[in-house]
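Beneath this line is the structure, given in structure tokens, with notes to follow.
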Amino acid sequence: MLITDSQVHIWEVDRPDRPWPKPLRNQPQLPDGFSAERMLAAMDEAGVDRAVIVPPTWVGENNATALEAAERYPARFAVMGRFDPLAPGRRRSLETWLNEPRMLGIRMTFRVAPYSTWLDGDTLYDFWADCQELGIPVMVLVSGILPKLRPVAERFPGLKLIVDHMGCDLASPDGAFAQIDHLLGLAKFENVSVKTSSAPCFSVEPYPHRDIYPHLRRIYDAFGPRRMMWGADLTRLRGSYTDCLRHFQEGLDFLGEEDKEWVLGKSLAALLNWPES
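Counted the way our numbering counts, the sequence shown spans residues 7 to 283.
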């Protein structure tokens with residue numbers, strides 16, 4: 007079984023030739039950066055074969071560090087890049103987006119203003135339509151605003167949408183799954199999948215995180231294993247990388263062996279067109 011992590015961050019410190027946008031959208035998870043080599047060491051220790059690099063919000067729309075890592079280690083990394091959907095020349099950029107080696111799609115962050123307002127009305131109609139036409143998958147961080155995603159899923163049935171972190175509230179483990187019914191309501195749309203990334207962060211109990219077991223079971227029942235993707239989000243993870251993986255390998259008795267193959271790698275390979283061989 008090839009194990010693929012659906013979300014890791016790597017980044018360099020802010021520097022003059024590759025500056026971060028100011029003011030920062032949020033603070034970096036670690037002050038000294040997190041290199042590709044450091045990530046690989048953690049993956050090797052935990053038994054993770056591949057990972058999708060998602061550039062963190064604090065670097066802005068700069069995907070250079072992520073793409074350089076994927077170029078150095080093409081068997082281990084691919085990228086879901088950041089993108090400004092309102093930038094001039096957006097359509098031209100999208101037309102060649104997937105021509106970039108190791109680029110699998112786009113990751114959008116909507117959970118805070120002003121970005122959350124972009125899901126209102128037709129602000130991003132052309133962006134969604136272009137991604138649908140061009141076959142570009144989009145990961146979406148919509149914590150706290152899950153209902154806003156439903157019209158997009160309904161209006162663009164050919165657009166691959168992947169909900170990050172199960173739509174959970176990143177700031178409140180106690181109420182992390184407050185919008186789970188809205189997430190489950192998206193399961194009726196075949197173009198919507200879900201990342202179970204950061205699952206331990208939404209638990210208030212130690213491994214094996216029995217308090218979130220019912221939520222994970224409901225997600226499995228609604229979406230099925232072929233629309234679920236395991237991920238760790240290591241740089242914000244509570245507990246060890248090994249336990250995060252072991253949680254899905256051993257801690258969820260509703261996952262059969264074939265289910266695990268899909269959730270731990272095959273779903274992502276199929277949905278993001280990153281073949282396992």
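Every residue gets a Cβ at the ideal spot worked out from N, C-alpha and C, and that includes glycine.
Candidates the options, of which the one nearest residue i by Cα
i	options	result
Val-200	Met-172, Glu-211, Glu-139, Leu-73	Met-172
Gln-35	Val-58, Cys-174, Met-145, Val-65	Val-65
Ala-52	Pro-61, Pro-37, Pro-80, Leu-8	Leu-8
Leu-155	Gly-257, Trp-134, Leu-46	Trp-134
Arg-24	Ala-84, Glu-67, Arg-31	Glu-67
Thr-202	Glu-211, Gly-191, Val-210, Tyr-219	Tyr-219
Tyr-131	Met-235, Arg-96, Ser-12	Arg-96
Proximity test, residue i beta-carbon vs the ligand COA heavy atom, cut-off 8 Å
i	result
Leu-278	Among the components modelled here there is no ligand, and therefore nothing to report on the ligand COA.
Strand pairing of residue i, partner residues [DSSP]
i	result
Ser-199	Ile-168
Met-86	Gly-111
Asp-11	Ala-57
Arg-24	Arg-21
Phe-40	Trp-17
Met-234	Val-200
Residue i (DSSP reduced to helix, strand or coil)
i	result
Val-60	coil
Ile-186	helix
Asp-265	helix
Ile-225	helix
Val-146	strand
Phe-162	coil
Phe-133	helix
Gln-255	helix
Gln-138	helix
Leu-192	helix
Glu-282	coil
CB of residue i within 9 Å of CB of residue j, strictly
i	j	result
Leu-270	Thr-10	yes
Ala-72	Pro-61	yes
Val-146	Val-169	yes
Asp-180	Tyr-213	no
Leu-240	Val-14	yes
His-221	Phe-183	yes
Leu-100	Leu-140	yes
Phe-195	Glu-160	yes
For this session: Mind the definition here: the segment 90-108 touches the segment 17-33 only if three or more C-beta pairs lie below 8 Å; say whether that holds.
Result: no
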